[in-house]
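A.B. asks:
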Amino acid sequence: MQKIQIERTTAPKAKPADESKLGFGKIFTDHMYVMEYNPEQGWHDPKIMPYQPIVLDPSAMVFHYGQEMFEGMKAYKCADGRIRLFRPNKNIERANNSNRRLCIPEIPADDFLNAIKTLVAVDADWIPSRPGTSLYIRPFVIATDPFLGVRPSNTYKFIIILSPVGAYYESGLDPVKIWIEDDYVRAVRGGIGEAKTGGNYVASLAAQVKAHDEGYSQVLWLDGVERKYIEEVGAMNIFFKINGTVVTPMLNGSILPGVTRASCIDLCKHWGLPVEERRISVDELVEAARTGALEECWGSGTAAVISPVGALRYENEVMQIKDGGIGEFSQKLYDTVTGIQTGKVEDTLGWTVEVTPLEK
Ligand code: COI
4 MQKIQIERTT
14 APKAKPADES
24 KLGFGKIFTD
34 HMYVMEYNPE
44 QGWHDPKIMP
54 YQPIVLDPSA
64 MVFHYGQEMF
74 EGMKAYKCAD
84 GRIRLFRPNK
94 NIERANNSNR
104 RLCIPEIPAD
114 DFLNAIKTLV
124 AVDADWIPSR
134 PGTSLYIRPF
144 VIATDPFLGV
154 RPSNTYKFII
164 ILSPVGAYYE
174 SGLDPVKIWI
184 EDDYVRAVRG
194 GIGEAKTGGN
204 YVASLAAQVK
214 AHDEGYSQVL
224 WLDGVERKYI
234 EEVGAMNIFF
244 KINGTVVTPM
254 LNGSILPGVT
264 RASCIDLCKH
274 WGLPVEERRI
284 SVDELVEAAR
294 TGALEECWGS
304 GTAAVISPVG
314 ALRYENEVMQ
324 IKDGGIGEFS
334 QKLYDTVTGI
344 QTGKVEDTLG
354 WTVEVTPLEK
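Numbers given in my numbering equal positions in the sequence shown, counted from 1, plus 3.
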């Protein structure tokens, strides 16, 4: 494993005074991690340095062809005073799957985990402790060759930044309203839908703007070919409880394999609840809502955690779920997942990884 050089800031910033007003992704900590790649040295020269702007050539390939990968994970200040990460190896594995799809060189998993643990340890006193808050970790890789031809870059930067966060949605745990999009599509099989990369998110913006204008906070995507089968929501995977069975779209190559999604499925199985990963058509969903078989709906994601869905709109039909309130099962999942993350619920599944703060 490579040794990380650490340069500490001499001008630490003021920490947020009111943890109830953090929101999502607006404040950044004192330090960042940077590692470089070139074909001669591979990934090399890992550093932690004061958080600062990066200088790139205007012709850097990331600006033109979007060759980049990103991840999202969180560190928690637990009730026992310890700091824990949630299933970081799943994010690292997914990051390298994305890297392969995007022709970015893979990052050695032990260097990746060490980078996260060390950066979180350096900025440990930035982790908020109010319930519902955490330190969001955003690792990303960008293509840096100064070149305008279309080909994989030869050089890259791997950067990690940290942001103390509260709820992703302004509504907090209050159920969100979701627009089922039947015009724009996000991804198709064989494309980059299962990679975590900016291109998938920019593809979602026009529909998100449309949904916002109609009073909906997120878009639920249908498959890109038949526009018939449910895929995922802008910032989360989607689950339904239909007649006592938990149902979620199966991974098919165009859906993001969420870490929280996998954890919801594991927990349902652990509790002995029937859970199905399969194709779900929007017609089946509408029918389940009409007959009352649709008992609950929620989204799962690192940023969104477990986010109850109170209403779904498809064409001109609005499906109210639980009268717009929080379902018992969504609440149980939220309490269990956040309980494990924050050390309030025993981690019998071995999902958490402890971080030891560094001496100053
Ligand atoms: C996450 O849940 O970590 C995400 O990356 C989703 C989003 C904020 C883009």
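Note that CB positions come from ideal geometry on N, CA and C, so glycine has one too.
(1) Given this structure, state the Cα-to-Cα distance separating residue 348 from residue 340, to the nearest angstrom.
(2) Are the segment 328 to 345 and the segment 196 to 203 touching, with three or more C-beta to C-beta distances below 8 angstroms?
(3) State yes or no: is the C-beta of residue 317 nearer than 7 angstroms to some heavy atom of ligand 1?
(4) Quick one: is residue 286 buried, meaning 16 or more other Cβ sit within 10 Å of its Cβ, or exposed?
(5) Along the chain, where does the alpha helix (DSSP H) containing residue 290 start, and where does it finish?
(6) In this structure, does DSSP put residue 95 in helix, strand or coil?
(7) So, using beta-carbon positions, are residue 257 and residue 328 closer together than 8 angstroms?
(8) Does the distance from the C-beta atom of residue 243 to that of residue 297 stay below 8 angstroms?
(9) Since residue 279 sits in a beta bridge, which residues does DSSP pair it with?
(10) Provide the residue span of the beta strand (DSSP E) that contains residue 5, from first to last.
(11) Which residues does DSSP list as the beta-bridge partners of residue 79?
(12) Return yes when the C-beta of residue 204 is under 7 angstroms from any heavy atom of ligand 1, and no when it is not.
(13) Could you check which residue in 63, 223, 149 has the C-alpha nearest to that of residue 312?
(14) Closest to residue 343 by C-alpha separation, out of 321, 308, 322, 319, would be which residue?
(15) What residues match up with residue 355 in a beta bridge as DSSP calls it?
(16) So, for residue 103: in the same chain, excluding its five sequence neighbours on each side, which residues have a beta-carbon less than 8 angstroms away from its beta-carbon?
(17) Relative to the alpha-carbon of residue 65, which residue among 90, 78, 106 has its alpha-carbon at the smallest distance?
(18) Roughly how far, in whole angstroms, is the beta-carbon of residue 218 from the beta-carbon of residue 180, given that I think they are within contact range, below 8 angstroms?
(19) DSSP three-state call for residue 152: helix, strand or coil?
(20) Between which two residues does the beta strand (DSSP E) carrying residue 268 extend?
(21) Would you kindly work out how many angstroms separate the C-alpha atoms of residue 187 and residue 235, rounded to a whole number?
(22) Whole angstroms is fine: what's the gap from residue 324's alpha carbon to residue 220's?
(23) To the nearest angstrom, report how far apart residue 159 and residue 76 are at their CA atoms.
C.D. replies: On the basis of the supplied data:
(1) Locating residue 348 in the sequence shown gives position 345, counting from the first residue. Locating residue 340 in the sequence shown gives position 337, counting from the first residue. Approximately 8 angstroms, taken between the alpha carbons.
(2) no
(3) Taking the first residue of the sequence shown as 1, we reach residue 317 at position 314. No, the beta carbon of residue 317 sits no closer than 7 angstroms to any heavy atom of ligand 1.
(4) Reading the sequence shown from its first residue, position 283 is the one you call residue 286. Under this definition residue 286 is an exposed residue.
(5) The residue given as residue 290 occupies position 287 in the sequence shown. Unbroken alpha helix (DSSP H) run through residue 290: 285 to 294.
(6) In the sequence shown, counting from the first residue as 1, residue 95 sits at position 92. In the structure shown, residue 95 sits in a helix (DSSP, three-state: H, G or I).
(7) Mapped onto the sequence shown, residue 257 falls at position 254. Mapped onto the sequence shown, residue 328 falls at position 325. Taking 8 angstroms as the Cβ cut-off, residue 257 and residue 328 do not qualify as a contacting pair.
(8) Here residue 243 corresponds to residue number 240 of the sequence shown, with the count starting at 1. Here residue 297 corresponds to residue number 294 of the sequence shown, with the count starting at 1. It is a contact, given that the beta carbons lie within the stated cut-off.
(9) Here residue 279 corresponds to residue number 276 of the sequence shown, with the count starting at 1. According to DSSP, which records beta bridges pairwise, residue 279 is partnered with 250.
(10) Taking the first residue of the sequence shown as position 1, residue 5 is located at position 2. Here residue 5 belongs to no beta strand (DSSP E), and DSSP marks it neither H nor E.
(11) Residue numbering aside, residue 79 sits at position 76 when the sequence shown is read from its first letter. Residue 79 is bridged to 87.
(12) To locate residue 204, count along the sequence shown from 1; it is residue 201. At least one heavy atom of ligand 1 is nearer than 7 angstroms to the Cβ of residue 204, so yes.
(13) Locating residue 312 in the sequence shown gives position 309, counting from the first residue. Closest option to residue 312, Cα to Cα, is 223.
(14) As a first step, residue 343 is located in the sequence shown; it is residue number 340 there, counting from the start. Ranking the options by Cα distance to residue 343, first place goes to 308.
(15) Here residue 355 refers to the residue found at position 352 when the sequence shown is read from its first residue. According to DSSP, which records beta bridges pairwise, residue 355 is partnered with 89.
(16) One-based indexing of the sequence shown puts residue 103 at position 100. Answer for residue 103: 109, listed in chain order.
(17) To locate residue 65, count along the sequence shown from 1; it is residue 62. Nearest of 90, 78, 106 to residue 65, Cα basis: 106.
(18) Counted from its first residue, the sequence shown places residue 218 at position 215. Counted from its first residue, the sequence shown places residue 180 at position 177. With a Cβ gap of about 7 angstroms, residue 218 and residue 180 count as contacting.
(19) Residue 152 sits at position 149 when you count from the first residue of the sequence shown. Note: residue 152 maps to coil in three-state DSSP.
(20) Working through the sequence shown from its first residue, we reach residue 268 at position 265. Taken as a continuous stretch (DSSP letters only), residue 268 belongs to no beta strand (DSSP E), being part of the alpha helix (DSSP H) at 262 to 273.
(21) For this step, residue 187 is matched to residue 184 along the sequence shown. For this step, residue 235 is matched to residue 232 along the sequence shown. The straight-line gap from Cα to Cα measures roughly 13 angstroms.
(22) By 1-based counting over the sequence shown, the position of residue 324 is 321. By 1-based counting over the sequence shown, the position of residue 220 is 217. If I take the Cα positions, the gap works out to 16 angstroms.
(23) Numbered from its first residue, the sequence shown carries residue 159 at position 156. Numbered from its first residue, the sequence shown carries residue 76 at position 73. Roughly 21 angstroms separates the two Cα atoms.
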